[in-house]
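Undergrad:
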C-alpha cells in the first residue's frame, strides 16, 4: 500500500518546521527519513500518523486522502522511541490491545498474538510485564504490537536509539528480516546514518525542514546532491578543503590536485571521503602538503588526521600505517573520487 | 488522489488532540458552571459586606449600585468601633502562623534531609523500652501521685541502664523508612486526641493562651507534611555537590545550610506556603489553647455566631479580612503552592 | 573550648539533625497520646482545691458503646429492612471472597491475616451500624455521621475533582485561568466557608431565596432538618476540597507519558477506551494517594459542622471531633478522650488498611 505526501508543510506559529515535503512510498518499500535532530523528520512522521495537523498539503494512504482523518482511522501502526508499552499490561495483553479495541473474538486474538510473538521470539515471555524485560525485548514487544493487526503502513520513530550499540546492530538485522517477511510499507525516522544505510530501500535526507535528497543508500553515499548530504552521510565524515578551480586542477593553500572538472572558479570546497585519500611523501606530486596531527588505531584500519593550511583532514589508512606526529606529509586523492561544491550555496558542482 | 476537503462535522475533532466543536461547547459550559460555583460565594460575601441591614432582607439584592446603594458602615464598625478587638486576633494570627511555619520548616527539613542521607538503625527493643517507660511515668504520676520531675528522672536513669544492660540483646532494627513512616503517620492522629493533654501540659507550665503554645503545637501538627514533602525533594537533589563539599572539609551543618538548603529553595517555598496557609486556617487547637490574649482570627470569626447572631454585613467584613491574605498569596504564588501539593502526591 | 564544642557537634550531627523532630513529636503527640489513654480510662471530677481523676477502667468506652451515651456516639437503632440485610450479606460475601483469594494467593503471613481480620470485622460492624441507624426510625450518632462525611464526602469530591481535571486537561484556550479559579477555595479558611455557606443556604434571605419560594420551600430552614443540614456541611466541605483533588489529578493527567496515549489512539482506541485502558491505570496510584490524604483529613472534620450548625439539629451533624470537643467543654474529660480514642482507632485502621491493601499493590505494580 502506498503512502503519498504532497507538498506537506508544518508551521508552529511563525516558525515553519517542515517546508513542502513531497514523498511517495511504494508498497513494501522501506523508506528512511534521515537528518539531524530538529530537521523536521519526526514532525513529518507524526503528520503521517495524524498526531500533528497538516498546515498545508495533503497526505494519502493507499489512494485515500487522509489529511483530515483521525489517527485511529488511518490504519497505520507506529513504534515509538520510548516503545510506549502499557506498563500495567503483560506482554500478551500489550500485543493483544489493538485487536481487543477492534473487538475480535477471544480465540482469534489469542491465535494472532501467539503467531506474532513467535515471529519475534517472544513466546516464552508472554506472561511478563514490560518492567521485567530488557531493552531489546521491549523493542520486540513494540514491534509485535505494531504488526499484529497488519496495518497499511508502519511508522517508526527512532526505534533503536534507546538500545546499546551491540543490541542495536542485532535489532537492525531483525528489523530488516521482519520487514522482508511482512512486506508492509515502512517509514523509518532516524538520525543514525548507519541505520539509514543498512535498512532503507530509499533514504530521504532532511535538514532544517527541507528535503535535501531522496535516493537509494548507494547513490546518497556515492552521489550526494549537496554539501549537507555529503557531510552528514559517512563515518568518519567527508573532509572539506576550501580552494579554487583552474585548468582542471583544484588549488588550495598547500598545493593542488587534479580533478575531473574543467571549470574555472573561486570559492570552491573540495570534498574528500577518508577512504578515498592516501598519505604520501611530502615531496610526492599532485598532493596537498600538511603535517600529521594524530594517529588512531581503530582495529582493521588507522585514522590519520592531517593538518593542512587551516583545515584538518581525516584519512583512512591501512592498519600497517606508520608515521610520526608532526611529520610533514602530502595528501593524495583519486581524481574520480573528488566532490566539488559551491562554497556559498553548498550545491554540488558537476 | 483528491484534494483535501476539510470536513466540518460537529462531532468530529478537527485535528488530533483537539475537541470536536460540540464537546468543546460542553466542556466550556461545564468549566463556566464550576467557575460560578467557585466564585459566586466569594462574590456574595464581598457585596454583603457593603450592604445595610435592610438590604440583606428578602428579596436578595445581587448588584451593588443597581439593586442597592453600597455602604461602608460595616467596615467602619469593624475597623474603627471595634478597633483593637479586631486587630489583636489579627496580629496574633500574623505572629503565630509565620513563626510556626518557620519552626516546622527548619526542624522538618533537618529531619527530612537527615533521613534522605544518613542511615539510622535504632533497635526496636530500645524504642519499645522507651515507650513503656514513658507510659510508666504517666501511670506513676497519675495513679501514685509521684512528682512528675522525680518520675521522669527515674525513668531516664532506668532507660539508660536498661539500654546498657540489654542493648546487645536487641536484634530487630528499624530503618529510615520506618522513621519516615512514623513521622508522616502522625498526620493521621486526630488533633483532638492530643488536645486535652496538651492543654493540661501548657496549663502546668502556665503557658495557656500564649503565642509560644500555639506556635509549638502548630509546628508539630504540620511537621509531618514538611518532612514528607521535603524528603522527596532532598532525595532528588544530587549528592555530588555535598560529597565534594565533604571532601573540602565542611561539616554536615555547613553543608546543610550552605549547599543543601539553597538547592532546595523551590521546595522550601512551596512547602512553606502550604504550611503557612494551614497554620493560618487552624481552628481546633486554637479553640483549646487560646481564650483571649492569644485568640487567632478564625476563633474571632467563629465566635461572632454567639455574640452577634447572623449580622451578615459584619460577618462578611470579617470573613474578607480573614481570607484576603490567603487569597492574595494563592493567586500570586499559585504555581508554588500547587507544586507543594504535588511534591508528595503525584509521586505516590 | 569553642573548637571542642564544634567538633563534638559535628560528631553528633547525625543525631542532632533528627532529634528536634523526634522530641517535638514525642512531646506534643506521643506523650499526650499516653496521657489521653489514661484519661480515657478515668473519670474527671472537680473538687475542693482542684480536680481528681478516678481510674474507672473501660467504663467510658462502655458508656459510649452500650450505655447512656450510646445514642450520641452510635445513634439510635431501628430494625434493618430486608434491603439492608441484602446489602450487608453482599458486603460480607465480598469480604469473604477477598479473604479466600488472599489465602489462596500464596503463603499468608500472620500479620497480614490479623490485619485483614481486624479490618473486616470493623467494616462489617460499621456497615451494620450504618444499616441500623439509617433505617427508618433510627438516628445517626457521631460515628455514623463522621463515616458519612468520609465516605460520601470524599467519593463525591473525588468524582468531581477528577472530572474537572479531565475537562481542564483538554487542549483548550483559557486553561490557566480556570486552573487558578478552581484552586481558590482550597485556601479559604474553613470557618469562613462555614459562614459563607450559611449565608448562601439561607432560604429566606439568601441569594437563592427566590428559587426556594418558587418551589414553595421559602419558610423551611435547612438547619432544622437533619439531612439538609448534613448536606450543607458536605457541600461546604466539598467546595473546599474538590480543588485539592482537581489540582493533583490534573498534574497526574498532564504528567502521563503522551507516547502511550498516542500509541493507543493509533491502535484505534476511542477517548473512553484510552482513559480506561491506558490513562486510568497510569494515574491510579496518584488517585489512591490523594484519596488517602483526603480520608485522613476528613476524619478530623470539626470547623464546618461546629460553625455551620453547631452540630445540630440535635446531634445530626456532629462529627467525632466535635463530639469529643463538646464533651471536653462540659468537663467530661474521660468521655472526651474515649471518643477521641475511638476516632483514632477507626481512622488508623482505615488509613493503614487503605495504605497496605490498596496503595502498596498499586505502587508496586508500577515500579
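Chains as they are written, first to last, in my numbering: chain X, 1 to 350; chain U, 351 to 698; chain F, 699 to 1065.
Glycine included, each C-beta is placed from N, C-alpha and C at the ideal position.
These numbers come from a predicted model, not from an experiment.
Any idea if residue 431(U) is buried or exposed, counting beta-carbon neighbours within 10 angstroms, 16 or more meaning buried?
TA: Taking the first residue of the second chain as position 1, residue 431(U) is located at position 81. By the neighbour-count rule (16 or more Cβ atoms within 10 Å), residue 431(U) is not buried but exposed.
Undergrad: Is the region 528–543 of chain U close to the region 711–727 of chain F, with three or more CB pairs under 8 Å?
TA: As far as the Cβ criterion goes, the region 528–543 of chain U touches the region 711–727 of chain F, which means the pair count is three or higher.
Undergrad: Tell me whether the beta-carbon of residue 5(X) lies closer than 9 Å to the beta-carbon of residue 24(X).
TA: Sequence index remark: in the first chain, residue 5(X) carries index 5 (1-based). Sequence index remark: in the first chain, residue 24(X) carries index 24 (1-based). Going by C-beta atoms, residue 5(X) is nearer than 9 Å to residue 24(X).
Undergrad: How about residue 711(F) and residue 584(U): are their beta carbons less than 9 Å apart?
TA: As a first step, residue 711(F) must be located in the third chain, where it is residue number 13. As a first step, residue 584(U) must be located in the second chain, where it is residue number 234. Their beta carbons are not under 9 Å apart, which means residue 711(F) does not touch residue 584(U) by this criterion.
Undergrad: Going by the beta-carbon positions, is the gap between residue 339(X) and residue 165(X) smaller than 9 Å?
TA: Here the question's residue 339(X) lines up with position 339 in the first chain. Here the question's residue 165(X) lines up with position 165 in the first chain. For residue 339(X) and residue 165(X), no; Cβs fall outside 9 Å.
Undergrad: Anything in chain U within Cβ reach of residue 71(X), meaning under 8 Å, just list it in chain order.
TA: Numbered from 1 along the first chain, position 71 holds the residue referred to as residue 71(X). In chain order: 366.
Undergrad: Any residues in the region 56–90 of chain X with a beta carbon nearer than 7 Å to a beta carbon of chain F? Which ones, in chain order?
TA: 71, 72, 76, 77, 78, 80, 82, 84, 86, 87, 88
Undergrad: Using a Cβ distance threshold of 8 Å, determine whether the region 159–178 of chain X contacts the region 52–66 of chain X, with at least three qualifying pairs required.
TA: no
Undergrad: Name the two residues that bound the continuous beta strand (DSSP E) containing residue 249(X).
TA: For the purposes of this step, residue 249(X) is taken as the residue at position 249 of the first chain. 249–252 is the span of the beta strand (DSSP E), which, as asked, contains residue 249(X).
Undergrad: So, under 8 Å CB-CB, residue 667(U) and residue 424(U) are touching, yes? Tell me the CB distance rounded to an integer number of Å.
TA: To locate residue 667(U), count along the second chain from 1; it is residue 317. To locate residue 424(U), count along the second chain from 1; it is residue 74. About 5 Å separates the two Cβ atoms, so the contact holds.
Undergrad: Taking only three categories from DSSP, how would you classify residue 277(X)?
TA: Here residue 277(X) refers to the residue found at position 277 of the first chain. Residue 277(X) falls in the strand class under three-state DSSP.
Undergrad: Could you list which residues in chain U have their beta carbon closer than 8 Å to that of residue 1001(F), in chain order?
TA: Here residue 1001(F) is taken as the residue at index 303 of the third chain, counted from 1. The answer, in chain order, is 633, 634, 648, 652.
Undergrad: Please report how far the alpha carbon of residue 324(X) lies from the alpha carbon of residue 287(X), in whole angstroms.
TA: Mapped onto the first chain, residue 324(X) falls at position 324. Mapped onto the first chain, residue 287(X) falls at position 287. If you take the alpha carbons of residue 324(X) and residue 287(X), they lie about 19 Å apart.
Undergrad: If you follow the beta strand (DSSP E) that residue 318(X) is part of, which residue opens it and which one closes it?
TA: Against the first chain, residue 318(X) aligns to sequence position 318. Residues 312–318.
Undergrad: Are three or more beta carbon pairs between the region 183–197 of chain X and the region 108–118 of chain X nearer than 8 Å?
TA: no
Undergrad: Any beta-carbon of chain X closer than 9 Å to the one on residue 1059(F)?
TA: The count along the third chain starts at 1 and reaches residue 1059(F) at position 361. No - not a single Cβ of chain X is within 9 Å of the one on residue 1059(F).
Undergrad: Considering residue 30(X), what are the terminal residues of the beta strand (DSSP E) in which it resides?
TA: Taking the first residue of the first chain as position 1, residue 30(X) is located at position 30. Counting along the chain, the beta strand (DSSP E) containing residue 30(X) begins and ends at 30–34.
Undergrad: Just to confirm my understanding: we take residue 624(U), look at its own chain, exclude 5 residues before and 5 after, and list those with CB closer than 8 Å. What are they?
TA: Here residue 624(U) refers to the residue found at position 274 of the second chain. So the qualifying residues of the chain are 575, 579, 687, 690, 691.
Undergrad: Enumerate in chain order the residues of its own chain whose CB-to-CB distance from residue 27(X) is below 7 Å, with the five nearest sequence positions on each side excluded.
TA: For the purposes of this step, residue 27(X) is taken as residue 27 along the first chain, with counting starting at 1. The beta carbon of residue 27(X) sits closer than 7 Å to those of 1, 2, 185, all from its chain and outside the five residues before and after it, given in chain order.
Undergrad: With DSSP as the reference, identify every bridge partner of residue 306(X), one or two as the case may be.
TA: Residue 306(X) sits at position 306 when you count from the first residue of the first chain. Its beta-bridge partners are 292(X), 313(X).
Undergrad: So, are the CB atoms of residue 225(X) and residue 213(X) less than 9 Å apart?
TA: One-based indexing of the first chain puts residue 225(X) at position 225. One-based indexing of the first chain puts residue 213(X) at position 213. Against a cut-off of 9 Å, the Cβ pair of residue 213(X) and residue 225(X) comes out as a contact.
Undergrad: Give a yes or no on whether 9 Å exceeds the smallest Cβ distance from residue 722(F) to chain U.
TA: Walking along the third chain from the start, residue 722(F) turns up at place 24. Chain U, which has a Cβ nearer than 9 Å to the Cβ of residue 722(F), makes this yes.
Undergrad: Tell me whether residue 265(X) sits in a helix, a strand or coil according to DSSP, three-state version.
TA: In the first chain, counting from the first residue as 1, residue 265(X) sits at position 265. If DSSP states are grouped into helix, strand and coil, residue 265(X) belongs with the strands.
Undergrad: Can you give me the Cβ contacts of residue 12(X) inside the same chain, cut-off strictly under 6 Å, excluding the 5 residues immediately before and after it?
TA: Along the first chain, read from residue 1 onward, the residue named residue 12(X) stands at position 12. Here the set comprises nothing.
Undergrad: Where DSSP assigns a beta bridge to residue 342(X), which residues make up the other side?
TA: Translated into positions along the first chain, residue 342(X) becomes position 342. The partner list for residue 342(X) (beta bridge, DSSP) reads 268(X).
Undergrad: Are the C-beta atoms of residue 50(X) and some chain U residue less than 9 Å apart?
TA: Counting from one through the first chain, the residue named residue 50(X) turns up at place 50. By this cut-off, residue 50(X) is an interface position.
Undergrad: For the region 968–985 of chain F, which residues have a beta carbon sitting closer than 8 Å to at least one beta carbon of chain X?
TA: 968, 971, 975, 976, 979, 980
Undergrad: Okay, do the region 236–253 of chain X and the region 262–277 of chain X touch, 3+ Cβ pairs below 8 Å being the bar?
TA: yes
Undergrad: Near residue 990(F), what residues of its chain come up, given a Cβ to Cβ distance below 6 Å and the 5 sequence neighbours on each side ignored?
TA: Within the third chain, numbered from 1, the residue matching residue 990(F) stands at position 292. Correct list, in chain order: 1052.
Undergrad: Once you ignore the five residues that flank residue 296(X) on each side, which residues in its own chain have a CB closer than 6 Å to its CB?
TA: As a first step, residue 296(X) is located in the first chain; it is residue number 296 there, counting from the start. Once the five neighbours on either side are set aside, the close Cβ partners of residue 296(X) are 303.
Undergrad: Please report how far the alpha carbon of residue 928(F) lies from the alpha carbon of residue 414(U), in whole angstroms.
TA: Here the question's residue 928(F) lines up with position 230 in the third chain. Here the question's residue 414(U) lines up with position 64 in the second chain. Their backbone Cα atoms lie some 32 Å apart in a straight line.
Undergrad: Excluding the 5 residues preceding and the 5 following residue 353(U) in the sequence, name in chain order all residues of the same chain whose CB lies nearer than 6 Å to its CB.
TA: One-based indexing of the second chain puts residue 353(U) at position 3. A caution first: residue 353(U) carries a pLDDT of 42, below 50, which makes its placement in the model unreliable, though a value can still be read off. Taken in chain order, the list of residues that qualify is empty.
Undergrad: Determine the closest residue to residue 779(F) out of 830(F), 764(F), 814(F), 756(F), with distance taken between C-alpha atoms.
TA: Position 81 of the third chain holds residue 779(F). Measuring from the Cα of residue 779(F), the nearest candidate turns out to be 830(F).
Undergrad: Can you check whether the C-beta of residue 53(X) is within less than 9 Å of a C-beta belonging to chain U?
TA: As a working mapping, residue 53(X) is identified with position 53 in the first chain. Yes, its Cβ sits closer than 9 Å to a Cβ of chain U.
Undergrad: Give me the chain X residues within the contact set of residue 955(F), using Cβ-Cβ distance strictly less than 9 Å, ordered along the chain.
TA: On the third chain, position 257 is the one that residue 955(F) refers to. Going along chain X in sequence order, the residues near residue 955(F) (Cβ under 9 Å) are 82, 84.
Undergrad: By the three-class DSSP mapping on this structure, what secondary structure does residue 301(X) have?
TA: Mapped onto the first chain, residue 301(X) falls at position 301. In the structure shown, residue 301(X) sits in a strand (DSSP, three-state: E or B).
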